[in-house]
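Shown next, in structure tokens, is the structure this report addresses.
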Amino acid sequence: MLRPSVADIAFDAALFDSLRSALARGELSPTRARLAAPPRPLGDDVLLDLGRPDARAGWRARGQAALDARKVAALILNGGMATRFGGVVKGVVPVLPDRPDLSFLAVKLAGVRAAGAPAVVMHSFATAAASGDHLATIGWSGVPAGDRHEFLQSLMPRVLPDGTPLQSLPGADVLPDTTVYAAPGHGDTLRRVRESGVVAELRARGVEHLLVSNVDNLGASLDPTVLGAHLEAVDGGAELSVEVVARAPDDAGGCVADVDGRATIIESFRLPPGTSLAQYPHFNTNTLWISLAALERAYPLTWFPVQRSVEWPGRDDLAVIQFEQLIGQITEFARTACLRVDRARFLPIKTRDDLAAARPAMTAIVRGVGLDPG
Numbered sequence: 253m254l255r256p257s258v259a260d261i262a263f264d265a266a267l268f269d270s271l272r273s274a275l276a277r278g279e280l281s282p283t284r285a286r287l288a289a290p291p292r293p294l295g296d297d298v299l300l301d302l303g304r305p306d307a308r309a310g311w312r313a314r315g316q317a318a319l320d321a322r323k324v325a326a327l328i329l330n331g332g333m334a335t336r337f338g339g340v341v342k343g344v345v346p347v348l349p350d351r352p353d354l355s356f357l358a359v360k361l362a363g364v365r366a367a368g369a370p371a372v373v374m375h376s377f378a379t380a381a382a383s384g385d386h387l388a389t390i391g392w393s394g395v396p397a398g399d400r401h402e403f404l405q406s407l408m409p410r411v412l413p414d415g416t417p418l419q420s421l422p423g424a425d426v427l428p429d430t431t432v433y434a435a436p437g438h439g440d441t442l443r444r445v446r447e448s449g450v451v452a453e454l455r456a457r458g459v460e461h462l463l464v465s466n467v468d469n470l471g472a473s474l475d476p477t478v479l480g481a482h483l484e485a486v487d488g489g490a491e492l493s494v495e496v497v498a499r500a501p502d503d504a505g506g507c508v509a510d511v512d513g514r515a516t517i518i519e520s521f522r523l524p525p526g527t528s529l530a531q532y533p534h535f536n537t538n539t540l541w542i543s544l545a546a547l548e549r550a551y552p553l554t555w556f557p558v559q560r561s562v563e564w565p566g567r568d569d570l571a572v573i574q575f576e577q578l579i580g581q582i583t584e585f586a587r588t589a590c591l592r593v594d595r596a597r598f599l600p601i602k603t604r605d606d607l608a609a610a611r612p613a614m615t616a617i618v619r620g621v622g623l624d625p626g
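For the sequence shown, the residue numbers in my numbering are 253 to 626.
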């Protein structure tokens, strides 16, 4: 069980000093984070369409063979700052009313157990304690002890817009760690899963591919058909596959576009001003199938200054900056395939209203992983 204090978390002081100095000089800013020109929309011809009836049986057989050979593991992104759902760690939130045993983590892990795969859970300093207690209570949903892996995101102090660390302000020592520090975005996963030793452990056990998905997306499962399509993409030279869906009118967030002739995940804040997301029909689900070989390399991901506000005694909400990296930026460096999947594989839950609206789908997913919804 991971129960870290801030002092236990990986922290690169030299990197932090360089980032806050660059912020103070104006070298890190939302303006500089944008692309110089709008990327080209991705053509349909570059997508593997999971709806193809002529290919699905072959993909499913190949994916199931890889699962049976235990060549695939699942990484659940359970990090962040636990600021939604009223400050409760989302992974431990029940997905159905009055069923504390049926949390996001419980259901995700039950699906991994049903597939017979190793499970990896990434925590942040803000989610680790509550998640660790909960995982012990639910027994990792039956995932065997030898198939359980955990690691922690690193940590970055928050700063004022001029680069002054919050930890240096009067009174900071009595404030919660979650006010003064932040987890540095999901891009940190790529470094920490390697530095923590998890990639080496998986490699030693014969794992060759990793499904990476958010804890709040119960639709992203170890489906053998999708896995088989990813393996076909790898045959063609891809190192990772991103699941994309057709953009719906209310979808907010990143797209998959053509940048310099390659499929690349681009978050909306990086698009030039005035660029309409409507011209990018392929929506990024943040579900990735990554070869372990790609995870064994380091990538020069960009650090982005993200504006937030925190409660601070004696003043209104304090405007702060936290430094973050994007996991999707790996597509700028690793050869990427795009899998067009059914919308049912993309079921993100960002608010309690989302959860209530998704109850029928949640009930079906709970049954599908072998749990009783009651």
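A virtual CB, placed ideally from N, CA and C, is assigned to each residue, including glycine.
Based on Cα-Cα distance, which residue from the options lies nearest to residue i?
{"i": "Arg410", "options": "Val621, Arg272, Lys323", "result": "Arg272"}
{"i": "Leu427", "options": "Glu563, Arg597, Asp269, Gln574", "result": "Glu563"}
{"i": "Ala490", "options": "Arg587, Ala571, Leu387, Leu407", "result": "Arg587"}
{"i": "Val494", "options": "Ile617, Arg446, Pro552, Gly580", "result": "Gly580"}
{"i": "Thr603", "options": "Ala313, Val372, Val340", "result": "Val340"}
{"i": "Ala452", "options": "Gln559, Pro533, Gly295, Phe403", "result": "Phe403"}
{"i": "Gln405", "options": "Gly449, Ala515, Gly368", "result": "Gly449"}
{"i": "Leu354", "options": "Leu387, Phe556, Asp502", "result": "Leu387"}
{"i": "Ala492", "options": "Arg514, Ala616, Ala500, Ile573", "result": "The sequence as given places Leu at residue 492; Ala does not occur at that position. Checked all of Arg514, Ala616, Ala500, Ile573; the closest Cα to Leu492 is Arg514."}
{"i": "Ile518", "options": "Val486, Ile582, Gly368", "result": "Ile582"}
{"i": "Ala546", "options": "Glu584, Leu529, Gly566", "result": "Glu584"}
{"i": "His401", "options": "Met614, Met374, Gln419", "result": "Met374"}
{"i": "Val372", "options": "Gly566, Ala381, Ala397", "result": "Ala397"}
{"i": "Ala434", "options": "Val496, Ser561, Thr516, Ala309", "result": "Ser561"}
{"i": "Ala498", "options": "Asp296, Arg351, Val486", "result": "Asp296"}
Are the beta-carbon atoms of residue i and residue j separated by less than 9 Å?
{"i": "Leu599", "j": "Ala610", "result": "yes"}
{"i": "Asp399", "j": "Pro370", "result": "yes"}
{"i": "Asp594", "j": "Leu299", "result": "no"}
{"i": "Leu591", "j": "Val478", "result": "yes"}
{"i": "Thr554", "j": "Arg597", "result": "no"}
{"i": "Lys323", "j": "Gly458", "result": "yes"}
{"i": "Pro413", "j": "Ala571", "result": "yes"}
{"i": "Gly363", "j": "Leu470", "result": "yes"}
{"i": "Gln559", "j": "Pro293", "result": "no"}
{"i": "Asp568", "j": "Phe535", "result": "no"}
{"i": "Met408", "j": "Phe556", "result": "no"}
{"i": "Gln607", "j": "Val344", "result": "At residue 607 the sequence reads Leu, which differs from the Gln that was named. The answer is no: Cβ separation not under 9 Å."}
{"i": "Gln577", "j": "Gly437", "result": "yes"}
Using the DSSP secondary-structure output, state which residues sit across from residue i in a beta bridge.
{"i": "Asn466", "result": "Leu329"}
{"i": "Pro346", "result": "Ser355"}
{"i": "Met374", "result": "Leu329, Phe403"}
{"i": "Arg592", "result": "Asp301, Val496"}
{"i": "Arg292", "result": "Asp510"}
{"i": "Met408", "result": "Ala434"}
{"i": "Arg587", "result": "Partner(s): none; Arg587 has no beta bridge."}
{"i": "His461", "result": "Val324, Ser543"}
{"i": "Thr516", "result": "Ala509"}
{"i": "Ala571", "result": "Ser561"}
{"i": "His534", "result": "Ala498"}
{"i": "Glu576", "result": "Phe556"}
Round the Cβ separation of residue i and residue j to the nearest angstrom and send it over; I've been treating them as touching at under 8 Å.
{"i": "Ser465", "j": "Ile328", "result": "7 Å"}
{"i": "Pro476", "j": "Leu319", "result": "6 Å"}
{"i": "Gly481", "j": "Trp311", "result": "Strictly speaking, residue 481 in this sequence is Ala, with Gly absent from that position. Sure, about 5 Å apart at Cβ, within 8 Å."}
{"i": "Leu356", "j": "Asp468", "result": "In the sequence on display, residue 356 carries Phe and not Leu. Right, the Cβ-Cβ distance comes to about 6 Å (below 8 Å), so this counts as a contact."}
{"i": "Thr539", "j": "Ala472", "result": "4 Å"}
{"i": "His461", "j": "Ser543", "result": "6 Å"}
{"i": "Ala265", "j": "Leu454", "result": "At roughly 30 Å, the Cβ-Cβ gap does not stay under 8 Å, so Ala265 and Leu454 are not in contact."}
{"i": "Val621", "j": "Val359", "result": "6 Å"}
{"i": "Gly505", "j": "Leu275", "result": "Incorrect: roughly 24 Å between the Cβ atoms, too far for contact."}
{"i": "Phe377", "j": "Asp425", "result": "The Cβ separation is near 17 Å, so there is no contact."}
{"i": "Leu483", "j": "Gly315", "result": "7 Å"}
Review point. Is it a yes or a no for the segment 520-530 touching the segment 267-286, going by three-plus beta-carbon pairs under 8 Å?
Key: Between the segment 520-530 and the segment 267-286 there are three or more inter-stretch CB-CB distances shorter than 8 Å, so the stretches are counted as touching.
Check your understanding: Looking at C-beta atoms only, is the number of pairs between the segment 328-341 and the segment 503-521 that lie closer than 8 Å three or more?
Key -> no
Practice item. Could you tell me whether the segment 533-553 touches the segment 390-397, where touching means 3 or more Cβ pairs closer than 8 Å? Key: no
Exercise for review: Flag this pair as touching only if the segment 286-293 and the segment 445-454 have three or more C-beta atom pairs under 8 Å; answer yes or no.
Suggested key: no
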